[in-house]
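Numbering (the numbering used here), first residue to last: 137 to 397. Idealized CB from N, CA, C, for every residue including glycine. Read the structure below first, then the notes.
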Amino acid sequence: MKHRRLLIVRQTEDYGELVTSRRLRFRPEALHAMEAMTAWGFQLGEVGVMACQSNQPYNEVLETGVRVIGTGLSADADPEQVLKVVADFCPTDIVLQVPEPKYFRWAIRNQIRIMALFEQPFDTLSLQTRWSNYRFSKLLNHSSVNWVGNQGVGACQSLLQIGVLPEKVVPWSWPQPVTQRQFEPRQLRSALASSRTALRLVYQGAIVSSKGLGDLLIAMAHLVSKGRMVQLVAIGKGEIERFRAQTRRLQLADKVEFIES
137 MKHRRLLIVR QTEDYGELVT SRRLRFRPEA LHAMEAMTAW GFQLGEVGVM ACQSNQPYNE
197 VLETGVRVIG TGLSADADPE QVLKVVADFC PTDIVLQVPE PKYFRWAIRN QIRIMALFEQ
257 PFDTLSLQTR WSNYRFSKLL NHSSVNWVGN QGVGACQSLL QIGVLPEKVV PWSWPQPVTQ
317 RQFEPRQLRS ALASSRTALR LVYQGAIVSS KGLGDLLIAM AHLVSKGRMV QLVAIGKGEI
377 ERFRAQTRRL QLADKVEFIE S
């Protein structure tokens, strides 16, 4: 077990300040990840996290035993330059959080165990994007890729849509430091509690099912069935006609306005 070397590859998470000042304030998510990597370090030979994009190059082992690496490259750097830094670590296992096909091909070619871990849904709107996603799904379905995670069930649905094998897909999310159980249930203000006053909602973002817009429309229909007045303005781009059809099926056509932006 001790011979395994795990490298986590992120697009950007500049640990340069931590290397120089030792006083970097982590976001809760980054702190959780660093604690996990420290624990893994006791089980494996070496654990490292690398930023493909960083303000300066660095390569140091922290007091926790985790190696932090920055390439010193910009966002538009040639992926081959990034892979040179990856190769220097000599990973036996790699977690790729960057959907760059060249990284996956390199790891597959070098017989490295791979886990893909993404944080956003895949766009399936344009024909060109669909073709690129289809080709990428072939890499994700390779036997060297054990798991393909994405943040949330909706984002995982987009993995299935581009052709990733269902048995590989794993939804994930960060542990929430604050939960709803810490707060008392709130009551609607008296003005909104009246069935004669419309509850006005605004949604801004991608008009796609992975964002939960369909669930919002179903919730609106439920409120309307209870006698509540609800109105929604949805602002964004995406499958607008599909959701207009859903509003008609739910009898919400006069209560939802779509603004393409």
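Same chain, Cβ closer than 6 Å to residue i, neighbours up to 5 away in sequence not counted
i: ALA389; result: THR383
i: HIS139; result: GLY181
i: VAL183; result: LEU142, MET173, TRP176, GLY177, VAL202
i: SER294; result: PRO257, PHE258, SER346
i: GLY285; result: LEU253, VAL306, TRP308
i: ILE244; result: HIS278, SER280
Three-state secondary structure (DSSP) of residue i
i: LEU253; result: strand
i: ARG146; result: strand
i: GLN340; result: strand
i: ARG364; result: coil
i: GLU393; result: strand
i: GLY350; result: helix
i: TRP308; result: strand
i: GLY177; result: helix
i: ALA334; result: coil
Residue i versus the options, residue with shortest Cα-Cα distance
i: PRO215; options: ILE205, PHE240, PRO227, GLU199; result: PHE240
i: GLN297; options: ASN282, SER309, SER268; result: SER268
i: HIS278; options: GLY299, ALA187, SER345, ARG203; result: GLY299
i: MET365; options: ALA223, PRO307, ARG336, LEU261; result: ARG336
i: SER397; options: ALA213, ALA342, VAL360; result: ALA342
i: ALA291; options: GLN192, GLU255, LEU261; result: GLU255
i: TYR270; options: ASN246, GLN247, LEU301, ILE250; result: LEU301
i: GLU149; options: THR200, GLN179, GLU199, ALA211; result: ALA211
i: TRP283; options: ILE250, GLN264, ARG266; result: ILE250
i: VAL197; options: SER190, VAL185, GLY208, GLN189; result: VAL185
Span of the alpha helix (DSSP H) around residue i
i: CYS479; result: Missing from the structure shown is residue 479; the chain here goes from 137 to 397 and no further.
i: SER239; result: For the record, residue 239 in the displayed sequence is Tyr; it is not Ser. Looking at the DSSP string, the run of the alpha helix (DSSP H) that includes TYR239 is 237-245.
i: GLU216; result: 215-225
i: TYR270; result: 263-276
Residues near residue i by beta carbon distance below 7 Å, same chain, minus five either side
i: SER309; result: GLN287, GLY288
i: ILE376; result: ILE343, PHE394, GLU396
i: GLY206; result: ASP150, TYR151, GLY152, ALA187, SER190, GLN192, PRO193, TYR194
i: ALA213; result: none
Other residues of its chain near residue i: CB distance less than 8 Å, five sequence neighbours each side excluded
i: LEU386; result: LEU353, ILE354, MET356, ALA357
i: LEU275; result: PRO237, PHE240, ARG241, ILE244, VAL281
Limits of the beta strand (DSSP E) - the one that residue i falls within
i: ALA187; result: 182-189
i: ARG140; result: No beta strand (DSSP E) contains ARG140, which DSSP labels as neither H nor E.
i: THR207; result: 203-207
i: ILE230; result: 229-232
i: GLU377; result: Careful: GLU377 lies outside any beta strand (DSSP E), inside the alpha helix (DSSP H) at 376-385.
i: TYR194; result: 193-197
- Query: Counting pairs of beta carbons, one from the stretch 215-234 and one from the stretch 139-148, are three or more of them closer than 8 Å?
  - Reply: Short answer: they touch.
- Determine contact between the stretch 336-355 and the stretch 366-378, defined as no fewer than three beta-carbon pairs at a distance below 8 Å. Cβ pair count under 8 Å is three or more, so yes.
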